[in-house]
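J.: Residue numbers for the sequence shown follow the working numbering, beginning at -18 and rising by one.
Glycine is no exception: its CB is placed at the ideal position from the N, C-alpha and C atoms.
For clarity, every value in this text was computed on a predicted model and none was experimentally measured.
Below is the structure I would like to discuss, written out as structure tokens.
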Amino acid sequence: MELARLQAGTNGSLHSGVEGERDLLKMGSWANLGAVRVHVLRSMALLVLFLVNPQAAASGAPDPSRLQLAVCIAPVTDDAGPDDVFAGRVKVDCAGNQSRFREGDYWALSAPVGADREHRIASAFNTFALRSSSIWQSARTVFVLYEDGYIYSVRQDAREAGRTMQIGPDFLDLIPDRGSPIDRILWKIEGAPNIRGILVEPVLMSLTESQADSLKLTAFYAAFFGVIFALAVHHMTLWTVMRQPYQLAYTGLLVVLMVYSLTSSGVILELIPSLDSNDRVRLNVIAIGLFSCTSLHFARLFFDDCAIPKPVHRLADFSIVLVMTLCVAMAVLAPLEFRMLARTLGVGFLVLCVAAAGVLWSAWRQKSRYFRMFLFAWSLVFVSTFFRVSDILTLKPLLQWVDNSTVIAMAFEALISSVGIAHRIRLINFERDRARMLEQAAMNLADRDPLTNLLNRRAFLRQAIGRDEPQQLFLIDIDYFRGLNESVGHDGADDILVAVSNAVESVAPSEALVARLGGDEFALLCPVEADLAADTILRKIRSLSTPNGIVVSASIGTCIGSTLSEADWRELYRTADLALFDAKSAGRSRSHHFNLGTPGSAQPLPVGADFRFPRKRSAAE
């Protein structure tokens, strides 16, 4: 078979190379936007299924606009060209398992396309979209053989492939329809290190269908980035407040996840057009290493309620250093020893998985409250890692859906981990509130009189000093309490004390302080605006009904003044105590009021005296 033309530029209706491809893309991208919109709803409904298994999504019903191509592989030799491959003069391997091929340059020949299917695919814009999964390669040349013998060719190196790469990420080649059916398609792949294959998942489709695929993936990643970014901002904000180390680690995990998604999806080529497709692979290798290591580090911090054994910590540290070293080496040295480095990296990921399993085992042994939720979050990541490592170590053929589902597994882990963090924060808040309640209860016990539940002397003094507005102080002393104690006994006397305390508290304003200073002595402090009269307290006490029908009375001394400072309180208390003394001297069961500075027979308390205690009563009193 004669090679008609390797460069189609001599034909006015055809183009070759990157320039021709761009012209075709410009021609078809906006020509039938309405047809793209027809696919949007169906594409969104099939989004998850497509990401997990694109073939299943495509095969749910016969789709005339998409054709999966089976290919045969043959090494490139100096004495054979594309016409020799098309003519069958080059022996090709159609076994399907491409992992056995070494590094080098290869031909990839498709099976016969089929005229009816091909024409239906071309019906959209008279333009085909030829897509294949993005993998490492130096250059790619596509030869399209039509049934009339014409050969169309287009070549892209790594940089040109980066400019035309579609979200997925997929290589894209645009092929014109000449009116003659396509017979076969041939790829010349240069510089294939063959970690994942020579040519992965080639698909021939209409340009409309290709645009619809890109649109639904764009919608998915836009939603994905929005959710992950919101989670990152949320947990960073929480970390600034709570300062929990695992929150900062989780925020870093989310940031790395966004970077990984940018590289694995090909979106980074839209943000940085100067990158070529192989640079994307380099960054993707580093990103997946960072995500794996930050996930393990986050797991260790998340289970800080468990005493993780030191050997597990050492293994985790070793695996993190090993994986990051291999990822950086692979990114820097590629494509040199790419295959060997990839397999070593697979072993590194296995070590990291063992370390993660050790952390989970420690959490399970110690019955961590977060174990089940964390294991559930990591389940898909473990499964995805298993398939990826198996692929790298060539233990099984490549499963393309693993690539598409990895980002979903990572997103699932991030979202469930976020729920776990929220659950942990809720438990922390519950424990904090419980601790505060216990602390408050302990303070109440320390500040309260155990018999009457009034403030004790210490708490009363602490709360009394420092009030801005003028205060009225009532010092209350039960009359003849010693005799009552002897007549009714200690239990009866305690009942009287409780009854008096309840009586005083019942007439006290809401802003008042009521305390038992000791023995049978009580104090009430309230603002002057409360307008509480001592006689009100006396009447309430006299009306008490006691178990033995004993009539209880009390004497009250009052004074009005400031409690802003300790000196003010000292003076106020001294004057009220003098008033109480005079009330008792006048016959008891009454109240006396002294103004500050009122002279009396009793001497004021000397400077330095303990003003917090009532003055000692005489035996006669």
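Can you list, in chain order, the residues of its chain with a C-beta nearer than 6 Å to that of Pro63? Leave out the 5 residues immediately preceding and following it.
T.: So the qualifying residues of the chain are Phe124, Leu167.
J.: Please give the ranges of any beta strand (DSSP E) in the stretch 388 to 467, keeping only runs that are unbroken, at least 3 residues long and fully inside the region.
T.: For the stretch 388 to 467, whole beta strand (DSSP E) runs of length 3 or above, ordered along the chain, are 448 to 459.
J.: Report the three-state DSSP secondary structure of Gln604 (helix, strand or coil).
T.: Residue 604 lies beyond the stretch modelled for the chain, which goes from -18 to 602, so this question has no answer here.
J.: Is the CB-CB distance between Leu243 and Leu252 below 9 Å?
T.: Yes, Cβ-Cβ distance for Leu243 and Leu252 is below 9 Å.
J.: Using 8 Å as the cut-off, can you tell me whether the stretch 154 to 174 makes contact with the stretch 264 to 278, which would need three or more C-beta pairs spanning the two stretches below that distance?
T.: Taking 8 Å as the limit for Cβ pairs, the verdict is that the stretch 264 to 278 does not touch the stretch 154 to 174.
J.: Apart from the five residues on each side of it in sequence, which residues of its chain come closer than 6 Å, Cβ to Cβ, to Gln147?
T.: Excluding positions up to five away in sequence, the list reads Leu153, Ser195.
J.: How is Asn34 classed by DSSP in three states: helix, strand or coil?
T.: Only weak support exists for where Asn34 lies, its pLDDT of 43 falling under 50; the coordinates are left without a value.
J.: On the DSSP letters alone, give me the boundaries of the beta strand (DSSP E) that Thr108 sits inside.
T.: From DSSP, the beta strand (DSSP E) with Thr108 extends over 108 to 114.
J.: Spatial neighbours of Leu219 within its chain, please: C-beta separation below 6 Å, excluding the five flanking residues on both sides.
T.: Once the five neighbours on either side are set aside, the close Cβ partners of Leu219 are Gln228.
J.: Is it the case that the stretch 285 to 294 contacts the stretch 312 to 326, given that we only count it when at least three CB pairs across the two stretches are under 8 Å?
T.: Counting Cβ pairs under 8 Å, fewer than three are found: no touch.
J.: At a cut of 8 Å, does the stretch 530 to 537 reach the stretch 475 to 488 through at least three beta carbon pairs?
T.: Short answer: they touch.
J.: Cβ of Phe393 within 9 Å of Cβ of Leu361?
T.: Their beta carbons are under 9 Å apart, which means Phe393 touches Leu361 by this criterion.
J.: Compute every distance between the C-beta of Phe206 and the non-hydrogen atoms of the ligand NAD, then say whether any falls below 8 Å.
T.: Because no ligand of any kind appears in the structure shown, any question about the ligand NAD cannot be addressed here.
J.: What are the boundary residues of the beta strand (DSSP E) that includes Asp154?
T.: Run containing Asp154: 151 to 157, per the beta strand (DSSP E) assignment.
J.: With a threshold of 6 Å on Cβ separation, who are the neighbours of Ala55 within its own chain once the five nearest residues in sequence on each side are excluded?
T.: Here the set comprises Val71, Val73, Trp88.
J.: Taking Arg571 as the reference, which of Leu442, Leu456, Asp512 has the closest Cα?
T.: Considering only alpha carbons, the answer is Leu456.
J.: Using only alpha-carbon positions, find the residue among Ala110, Pro254, Gln79, Thr199 that is nearest to Ile179.
T.: Ile179 has its Cα closest to that of Gln79, out of Ala110, Pro254, Gln79, Thr199.
J.: Identify the continuous alpha helix (DSSP H) that holds Asp194 and give its terminal residues.
T.: Here the alpha helix (DSSP H) through Asp194 covers 188 to 223.
J.: Do three or more CB pairs link the stretch 495 to 504 to the stretch 445 to 461 at distances below 8 Å?
T.: Flag = yes, the stretch 495 to 504 and the stretch 445 to 461 touch.
J.: Just confirm the distance between the C-beta atoms of Arg112 and Ser187, as a whole number of angstroms; I'd bet it's less than 8 Å.
T.: In fact, because the Cβ distance is near 11 Å, the residues do not count as touching under 8 Å.
J.: Pick helix, strand or coil for Tyr87, following the three-state DSSP scheme.
T.: Correct three-state label for Tyr87: strand.
J.: For Arg520, name the three-state secondary structure that DSSP assigns.
T.: DSSP places Arg520 in helix when its eight states are reduced to three.
J.: Counting only the same chain and skipping the five closest in sequence on each side, list residues whose C-beta sits under 7 Å from that of Thr539.
T.: Same-chain partners within the cutoff: Gln453, Leu454, Phe455, Ala515, Ala557, Ala560, Ser572, His574.
J.: Which word fits Glu450, buried or exposed, when buried means at least 16 other C-beta atoms lie within 10 angstroms of its C-beta?
T.: The residue in question, Glu450, is exposed, as its Cβ has fewer than 16 Cβ neighbours within 10 Å.
J.: For Lys197, count neighbouring Cβ atoms within 10 angstroms of its own Cβ and tell me buried if that reaches 16, exposed if not.
T.: Looking at its Cβ environment, which holds 16 or more other Cβ atoms inside 10 Å, Lys197 is buried.
J.: From the DSSP secondary-structure annotation, give me the bridge partner or partners of Ser134.
T.: Answer by DSSP bridge pairing, in chain order: Phe124.
J.: Around the Cβ of Trp11, are there at least 16 other Cβ atoms within 10 angstroms (buried) or fewer (exposed)?
T.: Low confidence applies here, because Trp11 scores a pLDDT of 29, under 50, leaving its location unreliable; read the following figure in that light. With fewer than 16 other Cβ atoms within 10 Å, it is exposed.
J.: With a threshold of 16 other CB atoms inside 10 Å of the CB of Phe411, please say whether the residue is buried or exposed.
T.: Per the 10 Å Cβ criterion, exposed.
J.: Helix, strand or coil: how does DSSP classify Pro580 here?
T.: Reliability of the predicted coordinates at Pro580 is poor, the pLDDT of 46 falling under 50, and no value is obtained from them.
J.: For Ala230, I'd like the list of residues in its chain whose CB is within less than 6 Å of its CB, leaving aside the five on either flank, ordered along the chain.
T.: Closer than 6 Å at the Cβ level, and outside the excluded window around Ala230, lie His278, Phe279, Leu282.
J.: Measure from the alpha carbon of Glu510 to the alpha carbon of each residue in Ile518, Phe441, Gly542, Leu498, then state which is nearest.
T.: The shortest Cα separation from Glu510 among Ile518, Phe441, Gly542, Leu498 belongs to Gly542.
J.: Classify Pro43 as helix, strand or coil using the three-state DSSP reduction.
T.: Interpretation of Pro43 is limited by its pLDDT of 45, a score under 50 that renders its predicted location unreliable; the figure taken from the coordinates is listed afterwards. Coil at Pro43, not helix or strand.
J.: Could you tell me which of Asp472, Asn434, Val469 sits nearest to Arg497, measuring between CA atoms?
T.: Arg497 has its Cα closest to that of Asn434, out of Asp472, Asn434, Val469.
J.: Taking the straight line between their C-alpha atoms, what separation do you get for Val214 and Met223?
T.: So the two alpha carbons sit approximately 14 Å from each other.
J.: Hey, could you find the ends of the beta strand (DSSP E) Val509 is sitting in?
T.: Careful: Val509 lies outside any beta strand (DSSP E) and carries neither H nor E.
J.: Is the Cβ-Cβ distance between Ala344 and Ser398 less than 9 Å?
T.: No, Cβ-Cβ distance for Ala344 and Ser398 is not below 9 Å.
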